[in-house]
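Residue numbers for the sequence shown, in numbering that gives the first Met the number 0: 0 to 142. Comments concern the structure below.
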Amino acid sequence: MVFQGASNLALDAKGRLSVPARHREVLQLISEGRLTVTKHPDGCLMLFPRPTWETFRDKVAALPMSAAGWKRVFLGNAMDVEIDSASRVLISPELRESAGLDKDVVLLGMGSHFELWDKKVHAAHEAEVMAGPLPDALKDFSF
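Quick look at the structure:
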């Protein structure tokens with residue numbers, strides 16, 4: 000399954016995120032509504048369906064000792080969550096704080112997983128990327 004597209008959402012007062020309807024059925028099928036949330040190096044959060052997380056987790060766990068700091072970032076901050084009966088996912092206070100999430104957020108489908116950004120931070124990050132040069136990997140890419 001490939002997750003794509005952006006959804007502008009709002010966290011409720013308890014830090015819960017409503018899973019967009021277009022992703023609910025697939026998430027139930029591939030992970031029985033079980034997700035794992037952790038930090039991303041760019042300051043947002045990553046949300047993985049559990050089977051995808053397990054593959055990612057195993058790759059991170061196999062990294063050499065020189066990457067111990069990143070192992071702590073990814074694995075030490077990982078939180079398992081479930082989509083509740085109202086199709087919401089609780090984002091822990093610690094993870095919300097680390098990503099600067101307050102209310103308005105953007106959920107981005109990134110293929111195998113999602114990224115969760117503060118709406119303003121995402122807009123600024125995207126503007127910065129768009130203003131910069133194309134990376135070498137895209138210079139020969141045909142649009």
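Glycine residues also receive a C-beta, built at the ideal position from the N, C-alpha and C atoms.
Express the C-alpha separation of residue 7 and residue 88 in angstroms, rounding to a whole number.
-> Translated into the one-based positions of the sequence shown, residue 88 becomes position 89. Translated into the one-based positions of the sequence shown, residue 7 becomes position 8. So the two alpha carbons sit approximately 15 Å from each other.
What beta strand (DSSP E) runs, 3 residues minimum, are completely inside the segment 41-124?
-> 44-48, 78-81, 87-89, 103-110 and 113-117
Would you grab the beta carbon distance between residue 114 and residue 43 for me? Rounded to a whole angstrom, and I think it's under 8 Å.
-> Along the sequence shown, read from residue 1 onward, the residue named residue 114 stands at position 115. Along the sequence shown, read from residue 1 onward, the residue named residue 43 stands at position 44. Confirmed, Cβ separation roughly 5 Å.
Helix, strand or coil: which one does DSSP assign to residue 138?
-> What you label residue 138 is simply residue 139 of the sequence shown in a count that begins at 1. The answer is helix: DSSP assigns residue 138 an H, G or I state.
Nearest-angstrom Cα separation, counted from residue 54 out to residue 64 = As a working note, residue 64 is residue 65 in the sequence shown. As a working note, residue 54 is residue 55 in the sequence shown. If I take the Cα positions, the gap works out to 19 Å.
Per DSSP, what kind of secondary structure is residue 1 in: helix, strand or coil?
-> The residue you call residue 1 lines up with position 2 of the sequence shown. The answer is coil: DSSP assigns residue 1 none of H, G, I, E or B.
Under the DSSP definition of a beta bridge, which residues are partnered with residue 36?
-> Here residue 36 is taken as the residue at index 37 of the sequence shown, counted from 1. Residue 36 is bridged to 46 and 78.
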